[in-house]
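The opening residue of the sequence shown carries number 7 in this note's numbering; numbering runs sequentially from there.
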Amino acid sequence: MKARPSVGVTRSVSDDVVSKILGWEEARPMEAVFFDVDFTLIHPGPTFDGSGYQLFATRYGLNVEPSRFADAVRVASVELDESNDNVYRPDPFIRYAKRVLVEMGASGSALDACAREIYDEWATCHHFVLYEDVRPTFSDLCKAGYRIGLISNTHRCLETFQDYFNLSAFVTAAVSSSDHGYLKPHPSIFHEALRLVGVSADQGVMVGDSVTHDVMGARQVGMKAILLARSGDVNNSRADEVPEIRSLVELPTMLARWPIELSTGE
């Protein structure tokens, strides 16, 4: 995969003066912003809501109750957290889909095949919707001189993803866990993304909706991290002093105030 060159961020004199006053004279300029994909840049459409699961189930002769979908997702989420080595395997994602079906009332020999189809279809871009704040934010970041990278725990082809949502012009490099072999928060997937984009860890910031996968994963390799809490209720333990945004439109302003906001979480 080729990483496109990009112009680095040039800091103003006033930024340097402020940094020296506050004791950050050794800080290096932030050069690149890395993004999670699912529920950060895109969200699933009706194919993956309760009625969508019912359609999948019906094709396999299974009966489910769509009204139980939200509770089923909450219960099934444990299936995605059982990997101890962070090696990418389809199995946890298929088990998750199967568990959702079971919690919605499905039973029978066709469960495995139905869950596998749900997993396969998750990689298909037309089932997803791009958040409205993505493209303008990417444009603003590129105009400001930042390089953009994608790091995703997915089996979706990220080149196809970029083309489908017209993001290719903004993205320098992308790494999916299925291609790389490891899931976030494993350090190697972050190191690979940094290598492809061409920056050191202290020049990169990770933006995503998961404290465990995105924030803690990035921090362990020396990157900064920003938590995206679109709904305002992130359902995992908050890391200490994590800068938080509710929309990507807040991001360029926050980055412009680096290193103050990314260092203190204020």
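Where a beta carbon is used, it is the ideal one built from N, C-alpha and C, also for glycine.
Residues near residue i by beta carbon distance below 6 Å, same chain, minus five either side
i: K8; result: A caution first: K8 carries a pLDDT of 41, below 50, which makes its placement in the model unreliable, though a value can still be read off. Contacts found: none.
i: H277; result: Residue 277 lies beyond the range of the chain shown here (7 to 272); nothing can be said about it.
i: T53; result: H133
i: Q168; result: S174, V177
i: S158; result: V43, S182
i: L86; result: P98, Y102
i: P72; result: G56, S57, Q60
Cα-Cα separation between residue i and residue j, rounded to whole angstroms
i: K104; j: V43; result: 23 Å
i: S57; j: E127; result: 15 Å
i: E37; j: L173; result: 19 Å
i: L189; j: A76; result: 25 Å
i: M110; j: F45; result: 23 Å
i: F99; j: P258; result: 33 Å
i: E123; j: F62; result: 8 Å
i: L200; j: P265; result: 19 Å
i: N92; j: V248; result: 23 Å
i: D139; j: Y170; result: 16 Å
i: V81; j: C120; result: 19 Å
i: L254; j: T64; result: 38 Å
i: T130; j: Y59; result: 15 Å
i: D118; j: I48; result: 27 Å
i: E256; j: T166; result: 27 Å
i: S145; j: G151; result: 10 Å
i: I27; j: R263; result: Confidence at I27 is low in this model, with a pLDDT of 37, below 50, so its placement is unreliable and the value that follows should be read with caution. Using only the alpha carbons, I get a separation of about 14 Å.
i: M229; j: V70; result: 43 Å
i: N90; j: S194; result: 15 Å
i: F41; j: A78; result: 28 Å
i: F196; j: V39; result: 12 Å
i: Y300; j: L233; result: A query on residue 300 cannot be resolved here, the shown segment of the chain reaching from 7 to 272 and no further.
Residue i classed as buried or exposed, judged by whether at least 16 other C-beta atoms fall within 10 angstroms
i: K149; result: exposed
i: V15; result: Caution applies to V15, whose pLDDT of 42 falls short of 50 and renders its modelled position unreliable; the value that the coordinates give is listed next. Buried, by the Cβ-count rule.
i: P96; result: exposed
i: V211; result: buried
i: S182; result: buried
i: V84; result: exposed
i: V135; result: exposed
i: T143; result: buried
i: G51; result: exposed
i: H186; result: buried
i: A175; result: exposed
i: G29; result: The predicted model places G29 with a pLDDT of 39, which falls under 50 and marks its position as unreliable; any figure quoted below should be read in that light. The residue is exposed, with fewer than 16 neighbouring Cβ atoms inside 10 Å.
i: G238; result: exposed
Opening and closing residue of the beta strand (DSSP E) in which residue i lies
i: M260; result: Where M260 is concerned, there is no enclosing beta strand (DSSP E), although the alpha helix (DSSP H) it sits in stretches over 257-262.
i: G210; result: 210-214
i: F45; result: It is not in any beta strand (DSSP E) - F45 carries neither H nor E in the DSSP assignment.
i: L254; result: Per DSSP, L254 belongs to no beta strand (DSSP E) and is neither H nor E.
i: A235; result: Unbroken run through A235: none, as it is neither H nor E.
Residue i: first and last residue of the uninterrupted alpha helix (DSSP H) it sits in
i: F99; result: 97-109
7 Å CB neighbourhood of residue i in its chain, flanking five on each side removed
i: S184; result: Y94, T160, H161
i: R74; result: E109, M110, G111
i: Y125; result: P96, F99, I100, A103
i: D55; result: F75
i: R225; result: A231
i: L164; result: L156, S158, A180, S182
i: V106; result: Y59, A78, V79, A82
8 Å Cβ shell around residue i - same chain, five flanking residues per side excluded
i: G67; result: G114, A116
i: A235; result: D215, E250, I251, R252
i: N242; result: With a pLDDT of only 49 at N242, under the threshold of 50, the placement of this residue in the model should not be trusted, and no figure is reported.
i: E198; result: V181, H186
i: L147; result: V39, I154, F176, L257, P258, L261
Whole alpha helix (DSSP H) elements within the segment 111-198, 4-residue minimum:
117-127, 140-149, 164-170, 183-186
Write down every uninterrupted run of the alpha helix (DSSP H) in the segment 48-81 whose length is 4 residues or greater and which is fully enclosed by it, in chain order.
56-65
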